[in-house]
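K.L.:
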Ligand SMILES: *Cc1c(COP(=O)(O)O)cnc(C)c1O
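Numbering (the numbering used here), first residue to last: 145 to 523.
(1) Less than 6 Å between C-beta atoms, sequence neighbours within five positions excluded: which residues of the same chain meet that for residue 523?
(2) Please state the DSSP three-state secondary structure of residue 442.
(3) Going residue by residue through the region 157 to 232, where are the continuous beta strand (DSSP E) segments of at least 3 residues, counting only ones entirely within it?
(4) Can you tell me the Cβ-Cβ gap for residue 314 and residue 285, rounded? I've got them flagged as a contact below 8 Å.
(5) If we ignore side chains and look at the alpha-carbon of each, how far apart do residue 152 and residue 486 end up?
(6) If you draw a straight line from the alpha carbon of residue 505 to that of residue 253, how long is it in whole angstroms?
(7) Comparing C-alpha positions only, which one of 388, 362 and 381 sits nearest to residue 526?
(8) Indicate the three-state DSSP secondary structure (helix, strand or coil) for residue 525 in the structure shown.
(9) For residue 352, which residues does DSSP report across the bridge?
(10) For residue 163, is the classification buried or exposed, using 16 other Cβ atoms within 10 angstroms of its Cβ as the cut-off for buried?
(11) Have a look at residue 149 and residue 463 and give me their C-alpha separation to the nearest angstrom.
(12) If you drop the 5 nearest sequence neighbours on each side, which residues of the same chain put their C-beta closer than 6 Å to that of residue 187?
(13) Who are the near neighbours of residue 507 in its chain, counting only those whose CB is closer than 8 Å to its CB and skipping five residues on each side?
(14) Apart from the five residues just before and just after residue 394, which ones in its own chain have a Cβ nearer than 7 Å to its Cβ?
(15) Measuring straight from C-alpha to C-alpha, what distance separates residue 323 and residue 197?
(16) Would the beta-carbon of residue 221 fall within 8 Å of that of residue 378?
(17) From which residue to which residue does the beta strand (DSSP E) around residue 148 run?
(18) May I have the straight-line CA-CA distance separating residue 335 from residue 166, to the nearest angstrom?
(19) Beta-carbon separation of residue 444 and residue 488 under 8 Å?
(20) List the endpoints of the continuous alpha helix (DSSP H) containing residue 430.
(21) Under the DSSP definition of a beta bridge, which residues are partnered with residue 281?
(22) Could you check if residue 369 belongs to the surroundings of ligand 1, using beta carbon to heavy atom distance under 7 Å?
(23) On a Cα-Cα basis, can you pick out the residue from 146, 366, 175 and 292 that is closest to residue 218?
(24) Given a cut-off of 8 Å on the beta-carbon distance, is the pair residue 325 and residue 195 in contact?
(25) Is the beta carbon of residue 491 closer than 8 Å to that of residue 446?
(26) Just to check, is the beta-carbon of residue 328 closer than 7 Å to a non-hydrogen atom of ligand 1?
(27) Can at least three beta-carbon pairs, one atom from the region 241 to 252 and one from the region 224 to 232, be found at a separation below 8 Å?
(28) Could you compute how far the alpha carbon of residue 237 sits from the alpha carbon of residue 172?
(29) Would you decide whether residue 208 is buried or exposed? Buried here means 16 or more other CB atoms lie within 10 Å of its CB.
(30) Under the three-state reduction of DSSP, which class applies to residue 468: helix, strand or coil?
(31) Can you tell me whether residue 523 is helix, strand or coil according to DSSP?
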């Protein structure tokens, strides 16, 4: 079977290998069979290993859903009565966590910082000191909207110093940037199969501290479908998901993890770094400016500012590239014109070079000046 290969430069789902795509084509199976439960057991263990979790302390709980389900589950399940969530919020994905708190009426503090800067650790510490009832500190590792990398190890250390647990949205960094769950002071992290692992959509997972999950058994129950203890307990008792799992995605994820461990954590991160550098080189050559300074970028997402050129039309550039097998993505910052190029997925430098040939062609066909122009020094 020949499947057209598209290079996805959007922030997930990402370009997959043909072997991962084909792993979905299997004989029909009822997921309540022991054979299938066995597959999920191995999968859960292999996911815990991605972040070097000690299997006596950490476990992986799978959910059927997109990545947002993980944030929902963690926040609604892990908060004891009378306690508060502190969201360290410097981007769209941490703001999503705040929205989840609002929907569930969870007592919370939305500790906002500018989206183009790292959060101020002293302010975080001050907030923890003045609010002894904070039980969950939550933030995002790679803020996918801007590509900013948050100092999770330092934030986690503060959370622990003040007796709180630390939940981190690692959806767009896990299985790319090396993470060590204990050394990075994380209690719960999360991702979904279509991002760093480079599998398909529909499977999400939380890797977390078993003791904390067990403790949460008696916390207020705020959701039936999205409760962490319920799903964990069902897995432990039966080896299965409480409700129907995304069967074919699970087969694809098992294959993707094989490929992950074959390539190796280090080599994979080096490949993403090469791709990221190639994206920067291409953009630099055409004169594009980044939205945030390089030294706080995650190494996975570049947010480039729209040039001040009357002929610039993102849709037209996107469509030209899309028709030729390359997907680029708009920005996620209100009232700021920018687009994003991401280094996720089963891609390498040659794909980026091929992309820039097409991208430059798109600029020329649309009569956009090269190098691109900006009116004032803007960032
Ligand atoms: C992709 C992503 C999510 C999940 O988004 P979904 O659309 O629900 O898959 C959550 N957090 C971050 C940081 C992400 O990049």
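Every residue, glycine too, gets a C-beta built ideally from N, C-alpha and C. Quick caveat: nothing in here was measured; it's all calculated off a predicted structure.
P.N.:
The structure says:
(1) Reliability fails at residue 523, whose pLDDT of 49 lies under 50, so the model's placement of it is uncertain and the value that follows must be treated cautiously. Within the same chain, residue 523 has no close Cβ partners at all.
(2) Correct three-state label for residue 442: coil.
(3) If we require 3 residues or more, the beta strand (DSSP E) runs fully inside the region 157 to 232 come out as 202 to 208.
(4) Sure, about 5 Å apart at Cβ, within 8 Å.
(5) Rounded to whole angstroms, the gap between the alpha carbons of residue 152 and residue 486 is 8 Å.
(6) Spanning the two alpha carbons is a distance of roughly 48 Å.
(7) Only positions 145 to 523 of the chain appear in the structure, and residue 526 is not among them; the question remains open.
(8) Nothing about residue 525 can be reported from this structure: the residues present for the chain run from 145 to 523 only.
(9) Residue pairing for residue 352: DSSP places it in a beta bridge opposite 203 and 332.
(10) The residue in question, residue 163, is exposed, as its Cβ has fewer than 16 Cβ neighbours within 10 Å.
(11) So the alpha carbons of these two residues sit roughly 17 Å apart.
(12) So the qualifying residues of the chain are 398.
(13) Here the set comprises 430, 461, 514 and 516.
(14) These residues qualify, in order along the chain: 183, 184, 187 and 347.
(15) The straight-line gap from Cα to Cα measures roughly 10 Å.
(16) Contact flag unset, no.
(17) Unbroken run through residue 148: none, as it is neither H nor E.
(18) Here the alpha carbons of residue 166 and residue 335 stand approximately 22 Å from one another.
(19) Taking C-beta atoms as the reference points, residue 444 and residue 488 count as a pair closer than 8 Å.
(20) The continuous alpha helix (DSSP H) containing residue 430 extends over residues 409 to 430.
(21) Paired residues: 230 and 310.
(22) For residue 369, the distance from the CB to the nearest heavy atom of ligand 1 is not below 7 Å.
(23) Sorting 146, 366, 175 and 292 by C-alpha distance to the C-alpha of residue 218 places 366 at the top.
(24) A Cβ-Cβ contact shorter than 8 Å links residue 325 with residue 195.
(25) Going by C-beta atoms, residue 446 is not nearer than 8 Å to residue 491.
(26) Distances taken from the Cβ of residue 328 to the heavy atoms of ligand 1 include none shorter than 7 Å.
(27) Contact holds: three or more Cβ-Cβ distances are below 8 Å.
(28) Between residue 237 and residue 172, the C-alpha separation is close to 37 Å.
(29) Residue 208 is buried by the Cβ-count criterion.
(30) Per DSSP, reduced to three states, the secondary structure at residue 468 is coil, with no helix or strand assignment.
(31) At residue 523, the pLDDT of 49 sits below 50, so the modelled position is not reliable; the number obtained from the coordinates is stated separately. Coil, per DSSP.
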